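Below: the structure, in structure tokens.
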Amino acid sequence: MTPQFLRSLSLGLLLAAASGGPAAAGDRPAADLLVQHARIWTVDASRPEAEAVAVLGGRIVAVGSDADLEAWRGPGTRVVDAGGRRLLPGFNDAHVHFSDGGGALAAVQLNDATSAPEFVRRIGEYAKRLKPGQWLRAGNWDETKWTPAELPTRQLIDAVTTDNPVSIDRYDGHMVLLNSKALALAGITAATPDPPGGVIVRDARGEPTGALKDAAIALVDRVIPPPTPAERRVALERALREAASLGVTSVQDMANPPIDYGDLGLLAELLGEGRLTARVYVAPLITGVEDQAKLGIRRAFGGPSLRIGAVKGYADGSLGSATAYFYEPFLDQPGNRGLLSDTMQPLSRTREYLTRADATGLQVCIHAIGDAAISTVLDLYGDVAKAGGPRDRRWRIEHAQHMAAKDFERFAALQVIASVQPYHAIDDGRWAEARIGHDRASRTYAFRTFRDHGVRLAFGTDWPVAPLNPMLTLYAATTRATLDGRNPGGWFPEQKLSIEEAIESYTLGSAYAEFQEREKGSITPGKLADFVLLSEDVLKLPPSELRRVRVLKTWVGGVEVYSAAGP
Ligand SMILES: [Zn+2]
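If you want it as structure tokens, here you go:
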């Protein structure tokens with residue numbers, strides 16, 4: 001059945017239900033799925049709480065009390081007793097790198113290594129499993145968890161990786177570490193200049209240490225054989241299983257160089273096979289805007305399971321790699337205030353991309369972290385909106401981490417969406433103040449200030465930069481308790497959100513950010529039947545306990561795509 005058919009079918013049913021009322025149920029078609037005895041938080045202001053939900057043809061046809069919905073039960077209806085547990089709309093992660101995430105699940109795990117020797121040991125162990133010459137990749141290392149927190153070097157890992165080139169990612173995706181073999185393959189020597197928007201980190205003698213930042217990463221990426229379609233497909237399947245097990249029913253997949261079209265073709269293949277168990281909105285790189293423009297593709301083009309029509313750009317790097325672009329230097333690196341990304345140099349280039357995207361009706365998502373980067377993007381968005389005239393653009397700033405005080409108002413006035421990742425706040429909050437100072441830190445991950453100004457929030461994780469688990473994001477947004485345990489009352493606690501606000505940002509907010517708020521994001525008749533049953537009631541638990549909540553069942557389009565083992 002086509003989505004259009006399903007939609008008109010369910011609308012017809014809704015009309016029938018509305019005219020008949022609960023008592024006149026005799027000739028009503030039965031539901032495919034009926035979930036009863038649930039504590040439903042609908043994220044629909046017109047009916048915030050309910051006990052039961054009925055699904056037909058992949059869509060929600062009724063929401064109400066157990067008694068009201070009894071009429072939807074028929075001989076073929078699958079009935080699930082939720083046992084009084086909490087049911088929420090499925091989570092919509094507004095910013096992921098989906099196949100990278102799936103790939104990272106199988107790669108060497110470096111993020112929780114608590115010392116340089118442990119980091120080296122894990123790399124050595126993993127390298128033993130590879131064929132000679134095979135690249136060792138991913139890893140998500142984080143040197144801030146070591147003492148001293150020094151950037152790793154090629155010398156550290158050369159001895160344990162003699163047969164394999166290494167290019168492992170820092171967890172923020174804005175730095176990689178190469179071993180000497182990889183530096184040689186990339187042709188990087190002391191004589192290689194830093195590319196615009198990038199840094200080749202060098203030692204006191206001017207020799208490359210192996211660390212490459214931002215645009216310099218392209219120097220090695222071009223010599224690494226890209227993952228084959230078969231490898232990417234395995235990664236996507238792994239990512240889909242992970243998403244289902246965590247109650248993530250929609251993802252917005254931000255393309256990353258060098259895969260400039262994301263995994264659109266492979267996702268379409270999975271969809272055709274009935275194996276695409278999460279809904280995916282793909283945002284290819286802005287440098288390819290002309291390709292979508294030529295085809296006349298507009299925002300949110302496609303069906304409920306797979307869509308395209310956004311473009312993803314970069315304005316700067318990251319705070320952790322000291323490449324986020326600020327007005328003032330970093331406190332711990334005087335003279336360095338970060339970098340405007342290569343695609344923003346000159347700015348006229350990005351203005352052309354944006355003008356093209358606007359004329360076509362494409363949605364724009366630009367990564368901007370430092371206050372000067374965010375300001376620059378707002379300038380550009382403002383210019384293009386002025387030239388193009390009023391329109392429902394929903395252009396986004398991805399991360400929107402460190403705001404200049406002057407920019408909240410125009411962020412709201414331009415109706416820009418803040419696509420934010422709360423987990424970063426409790427992760428970076430460990431060390432961010434040392435790098436940018438108290439004043440700038442007070443406007444960092446400023447979710448409350450955004451809301452107060454009327455800016456719409458969309459929640460995500462940037463997986464694999466942060467874990468995909470929505471419970472960790474809800475925990476982060478409601479507690480702001482940094483991972484090092486030093487801020488149990490919250491790091492800048494005035495920026496905390498309530499659990500209701502956090503859930504809304506993660507469901508309806510993310511749906512709005514992809515032009516799908518009429519299709520999903522709440523448990524409302526007519527919408528897609530995407531929801532998740534939780535082990536505990538996240539609305540009643542103290543926020544500090546949210547991390548232990550597990551997903552019991554996940555449904556996408558009324559189909560159960562995950563069920564936890566055991567009771
Ligand atoms: Zn990202």
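1 is the number of the first residue of the sequence shown in the working numbering; add one for each residue after it. Heads up, the beta-carbon is just placed ideally off N, CA and C, and yes, glycines get one too. The structure displayed is predicted, hence computed values, not measured ones.
| Check | Outcome |
| --- | --- |
| If you draw a straight line from the C-alpha of residue 179 to the C-alpha of residue 168, how long is it? | 9 Å |
| Find the nearest neighbour of residue 289 within the set 113, 183, 350, 88, judged by alpha-carbon distance. | 350 |
| Buried or exposed, going by whether 16 or more other CB atoms sit within 10 Å of the CB of residue 466? | buried |
| Going by Cα to Cα distance, which pick from 348, 430, 109, 126 is closest to residue 141? | 109 |
| Only counting runs of 4 or more residues, tell me where the alpha helix (DSSP H) segments fall wholly within the stretch 314-379, in order along the chain. | 347-360 |
| Taking all protein chains shown into account, do 16 or more other C-beta atoms lie within 10 angstroms of the C-beta of residue 232, making it buried, or fewer, making it exposed? | buried |
| Given that a residue counts as buried once 16 or more other Cβ atoms are within 10 Å of its Cβ, and exposed if not, what is residue 482? | buried |
| Note down the Cα distance separating residue 397 from residue 248, rounded to an integer number of angstroms. | 22 Å |
| Counting pairs of Cβ atoms below 8 Å between the stretch 149-162 and the stretch 201-218, do you hit three or more? | yes |
| Relative to the alpha-carbon of residue 414, which residue among 442, 381, 428, 420 has its alpha-carbon at the smallest distance? | 381 |
| Rounded C-beta distance between residue 530 and residue 509? I'm assuming under 8 Å. | That pair is no contact at about 15 Å. |
| Could you have a look at residue 491 and say whether DSSP puts it in helix, strand or coil? | coil |
| At the level of alpha carbons, what is the spacing between residue 261 and residue 74? | 45 Å |
| Could you work out which residue in 562, 493, 475, 553 is closest to residue 542 when comparing CA atoms only? | 475 |
| Given a cut-off of 7 Å, decide if residue 550 and residue 563 are closer than it, judged by their beta-carbon atoms. | no |
| Quick one: measure Cβ to Cβ for residue 186 and residue 198, integer angstroms, because I've assumed they're closer than 8 Å. | Residue 186 to residue 198, Cβ: 13 Å. No contact. |
| When you compare only the Cα positions, how much space is there between residue 129 and residue 123? | 10 Å |
| List, from N- to C-terminal side, the alpha helix (DSSP H) runs of 4 residues or more that fit wholly inside the stretch 191-239. | 217-221 |
| Just curious, the alpha helix (DSSP H) that residue 479 is in, first and last residue? | 470-479 |
| Where does residue 109 sit, in a helix, a strand or coil, going by DSSP? | coil |
| Can you have a look at residue 32 and say buried or exposed, based on whether 16 or more other CB atoms are within 10 angstroms of its CB? | buried |
| By the 10 Å Cβ neighbour count, where 16 or more other Cβ atoms means buried, how is residue 407 classified, buried or exposed? | buried |
| Kindly indicate the opening and closing residues of the beta strand (DSSP E) around residue 272. | That residue, residue 272, is in no beta strand (DSSP E); its alpha helix (DSSP H) goes 264-272. |
| Report the partner residues of residue 281 according to the DSSP bridge assignment. | 252, 307 |
| By Cβ distance, which residues of its chain are closer than 8 Å to residue 517, with the 5 residues on each side in sequence left out? | 508, 511 |
| Is residue 171 helix, strand or coil by DSSP? | coil |
| Could you check whether residue 411 and residue 384 sit closer than 7 Å to each other, using their CB atoms as the reference points? | no |
| Here's the rule: buried if 16 or more other CB atoms are within 10 angstroms of the residue's CB, otherwise exposed. What is residue 56? | buried |
| So, for residue 22: in the same chain, excluding its five sequence neighbours on each side, which residues have a beta-carbon less than 6 Å away from its beta-carbon? | Residue placement at residue 22 cannot be trusted, given a pLDDT of 40 that sits under 50; the coordinates are not used to answer. |
| Does the Cβ of residue 134 have 16 or more other Cβ atoms within 10 Å, making it buried, or fewer, making it exposed? | exposed |
| Would you decide whether residue 565 is buried or exposed? Buried here means 16 or more other CB atoms lie within 10 Å of its CB. | exposed |
| Return yes when the C-beta of residue 254 is under 6 Å from any heavy atom of ligand 1, and no when it is not. | yes |
| Straight-line CA distance for residue 160 to residue 139? | 15 Å |
| Does the pairing of the stretch 331-351 with the stretch 312-322 give three or more beta-carbon distances under 8 Å? | yes |
| May I have the straight-line CA-CA distance separating residue 425 from residue 89, to the nearest angstrom? | 24 Å |
| Quick check on the burial criterion: 16 or more other C-beta atoms within 10 angstroms. Buried or exposed for residue 399? | buried |
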